[in-house]
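Working notes, structure below.
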Amino acid sequence: MSDEFSIDRPFPHMLRAILGAVGLLAIVAPAWDFRRAFLHPGWHSLFFGVITLGAWAVGVGGVWAAAFGEDQRWRVDDGEIEIARRNLFRRWTTRLRSSDIAEISISETEWDSRANTFGVVLTLRDGARFETAGVETCADAEEIERRLRAALGLAG
Numbered sequence: 001m002s003d004e005f006s007i008d009r010p011f012p013h014m015l016r017a018i019l020g021a022v023g024l025l026a027i028v029a030p031a032w033d034f035r036r037a038f039l040h041p042g043w044h045s046l047f048f049g050v051i052t053l054g055a056w057a058v059g060v061g062g063v064w065a066a067a068f069g070e071d072q073r074w075r076v077d078d079g080e081i082e083i084a085r086r087n088l089f090r091r092w093t094t095r096l097r098s099s100d101i102a103e104i105s106i107s108e109t110e111w112d113s114r115a116n117t118f119g120v121v122l123t124l125r126d127g128a129r130f131e132t133a134g135v136e137t138c139a140d141a142e143e144i145e146r147r148l149r150a151a152l153g154l155a156g
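Position 135 (the sequence shown) corresponds to 135 in UniProt numbering; numbering is contiguous.
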């Protein structure tokens, strides 16, 4: 009997756009604002250079996250988890069987501004980890874990 179900872990388009825009702004703005310090170098250029490099580090991180942050859709069926992944540049699929999985556990994410959320973590034998999107209660995460174990034929 098939107990097929799916789990989505989206990367929202608006978040992707905001990260990309803020990242580009953090790269371009200090270079433009401090251009005179770099066009006429002097001892003061070091001060502005450190500020610019710090802003670029943040900006590159934002652009990188926007470009390579991935959407995931898990499709779970008898004995297999198929994780369809995509970012701005490519799509790929990872297929997992029970023999690939070293551990299934529940993780808790603590938040200052709201209640904690819970996710199910698959740790593979090669050390890679996949985590479901956060759910509101530990009971919901335990139910997802139970269904994953049942679909893979793993003891709980």
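Beta carbons are placed, not taken as given, at the ideal position from N, Cα and C, and that holds for glycine.
Q. T93 lies in the beta strand (DSSP E); which residues open and close that run?
A. Looking up residue 93 in the sequence shown gives position 93. Counting along the chain, T93 sits inside the beta strand (DSSP E) bounded by residues 91-97.
Q. Any idea if A128 is buried or exposed, counting beta-carbon neighbours within 10 angstroms, 16 or more meaning buried?
A. Stepping through the sequence shown from its first residue, residue 128 is reached at position 128. With fewer than 16 other beta carbons inside 10 angstroms of its own, A128 counts as exposed.
Q | Unbroken stretches of the alpha helix (DSSP H), 4 residues or longer, contained in the stretch 121-145 | A | Correct list: empty.
Q. Who are residue 211's beta bridge partners in DSSP?
A. There is no way to answer for residue 211, as the model of the chain reaches only from 1 to 156.
Q.
Can you list, in chain order, the residues of its chain with a C-beta nearer than 7 Å to that of M1? Leave out the 5 residues immediately preceding and following it.
A. By one-based count along the sequence shown, residue 1 stands at place 1. The pLDDT assigned to M1 is 47, lower than 50, so where the model puts this residue is not dependable; a value taken from the coordinates is nonetheless given after this. None.
Q. Across which residues does DSSP place R9 in a beta bridge pair?
A. Walking along the sequence shown from the start, residue 9 turns up at place 9. R9 pairs with Q72.
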